[in-house]
Amino acid sequence: MPAAPVLRPRLLLAMVLIGVASGLGGAAMSWTLHAVQHLCFGTAASPYTDPYSEVGGPRRVLALLIVGTVVSLLWWLLRRPQPPVQSVKGMVAGDTPVRRRPPMLRGIVNSFAQVIAVGGGASIGREVAPREIGALFAGRIGDALGLDPAQRRTMVACGAAAGLAAVYHVPLAGAGFALEILLASFTLDCAVLALGTCALATIVARLTVSPLPFYRVEALEGSWPVLLAAVAVGLVLALPALGFRRVVARVQSRRLTGWRQLLGLPLAFLLTGAVSLALPQALGNGLAAAQWAYDGGAPGTAAVLLGVKALLILATLGAGAVGGTLTPGFSLGAVAGALLGDLAALALPGTDPTPWALLGAAAFLAVSMNAPLTAILLTIGFTDQPASAFLPIVLAVAVSCACARLVTTRAETGTETGPRP
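Numbering follows this note's numbering, with no gaps: position 401 of the sequence shown is 596.
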């Protein structure tokens, strides 16, 4: 791995150019998402609302079938010739010629296909698309400025993270994503570059991205009942989140390709549309499901929605779709946490399930992403939580990640952890 870069004027120039480019890419993707939603459902998602609930069931089904057919054709065409579309991690590594300079047009079309799919109601996240766009532009800018391998790697990671920050208006979480996941480095210079790039991209993306938080959730307090809920949520959701992460990885490695994808992907979208006749909250990247949980959805519906949403995510990815699991995982955690809160209310009448829902989202996301710091920052950024919420959120994430880590470590070593000497 190349050494961490030292801050230089050329890197600061790269930071500015990449931040602006990633912000413009994020703005374009948000505009595209809203345009597709308007076309499919007559309205677009806005803070605290979804575009699906007020639309008739037949229109939802038809929209999903059409969008599924369109994106299946796009992805089929993209996967036929070589070289293949590169992942963000591949572009950050830049260790082969095609990873260093992937085809620009193919990458852009692949990213916008993801946004079109989510806009049409597919059960996948759109967060991979802006990361790919940010990484694509960052690589080209890095080459134009003559950055060395270490500098280029850092700036491609910052560009990808800036794309994430731009579309969700979460600059701090974007920087955390770059440092924790893409770079695995917390040097001061890397932190300055990540923070600066993400801040600039977020400002530029305000052309089309609202600065309001994505979810309306009451402010958490660090009271003893909430802290106990954080521990309970972390303990219970660690294994389901770990299982979700592993199943998603397996499904993505075996997803349909070729003519099977041309048939399977429209069918997966059609299945999603059919489910939406009874559960419109199951549509989309998870915003509707999570907000429903924060608003105090019915316990019986929560149990059904949890299982159905998870199956739709896996079915869509397995059928050949490209997309993320960040916001879908966040929504699964929210619904699961709300369900746990409802169960706790049976034993302790008066228990509010809303804190359980938010803590569940944070705990589940941390394990499913394998990124506790990023999950904490995203949870706070998505919901605009005050300082009083930091302790329970951190506690829930710490417990869930510790439990998941114990399980994975034991599985890797094949031995039980013995007592300390």
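Virtual Cβ for every residue (Gly too), placed ideally from N, Cα, C.
None of these values were measured; they are calculated from a predicted model.
Residue range 323 to 339 is occupied by the alpha helix (DSSP H) that includes Ile328. Setting aside the 5 residues that flank it on each side, Ala570 is surrounded in the same chain by Ala557, Leu560, Ala561, Met564, Val592, each with a C-beta closer than 7 Å to its C-beta; the list follows chain order. Distance from the CA of Gly518 to the CA of Leu478, rounded to the nearest whole angstrom, comes to 14 Å. Glu416: not part of any alpha helix (DSSP H); DSSP gives it neither H nor E.
Per DSSP, Pro279 lies in no alpha helix (DSSP H) segment and is marked neither H nor E. Residue pairing of Gly528 in beta bridges, as defined by DSSP: absent, with no partner found. Looking at the DSSP output, Gly320 sits in a beta bridge with Gly519. Annotated as proximal: Gly320 and Thr520, with beta-carbon spacing under 8 Å. Its chain contains Val256 as the residues whose beta carbon lies nearer than 8 Å to that of Ala469, once the 5 sequence neighbours on both sides are disregarded; these appear in chain order. If the five residues before and after Gly285 are omitted, its C-beta is found closer than 7 Å to the C-beta atoms of Arg294, all from its own chain and listed in chain order.
One thing to note: Ser318 has its Cβ within 8 Å of the Cβ of Thr511.
Of the other Cβ atoms in all chains shown, fewer than 16 fall within 10 Å of the Cβ of Leu541; this residue is therefore exposed. Counting along the chain, the unbroken alpha helix (DSSP H) around Pro587 starts and ends at 585 to 608. In the displayed model, Leu212 falls within a helix according to three-state DSSP.
At a Cβ-Cβ threshold of 8 Å, Gly391 and Met210 count as neighbours. Where Gln456 is concerned, the enclosing alpha helix (DSSP H) starts and stops at 453 to 471.
In the structure shown, Leu474 falls within a coil segment according to DSSP collapsed to helix, strand and coil. Bounds of the alpha helix (DSSP H) holding Ala357 are 344 to 363. By the Cβ-count criterion, Asp537 is buried, with 16 or more other Cβ atoms from all chains shown falling within 10 Å of its own Cβ.
In this structure, Ile311 sits away from Val250, with a CB-CB distance that is not shorter than 8 Å. Taken in chain order, the complete alpha helix (DSSP H) segments of 4 residues or longer contained in the region 247 to 302 are 252 to 274, 283 to 288, 292 to 295. In the structure shown, Pro581 falls within a coil segment according to DSSP collapsed to helix, strand and coil. Less than 8 Å divides the Cβ of Gly369 from the Cβ of Cys393. Distance from the CA atom of Ile575 to the CA atom of Trp454, rounded to whole angstroms, is 42 Å.
For a cut-off of 8 Å, the C-beta gap from Gln346 to Leu207 is around 11 Å, too long to register as a contact. For Ala433, the closest C-alpha among the options Cys596, Thr238, Met224 is that of Cys596. Secondary structure note for Ala386: its alpha helix (DSSP H) is the uninterrupted segment 383 to 400.
Apart from the 5 residues on each side of it in sequence, Leu554 sits with its Cβ closer than 7 Å to the Cβ of Ala424, Ala425, Val428, Gly532, Pro587, Ile588, Ala591 in its chain, given in chain order. According to the DSSP assignment, Val404 belongs to no alpha helix (DSSP H), since it is labelled neither H nor E.
Of the residues assessed, Trp270 falls on the buried side of the cut-off, its CB having 16 or more other CB atoms within 10 angstroms.
Annotation for Leu378: no alpha helix (DSSP H) segment contains it, and DSSP assigns it neither H nor E. Linking Arg450 to Leu472 through their CA atoms gives a straight-line distance of about 26 Å.
DSSP places Asp537 within a helical segment (H, G or I) once states are collapsed to three. A residue is called buried once 16 or more other Cβ atoms fall within 10 Å of its Cβ, and Gly354 is buried on that count. Between Leu374 and Ala386, the C-beta spacing is below 8 Å.
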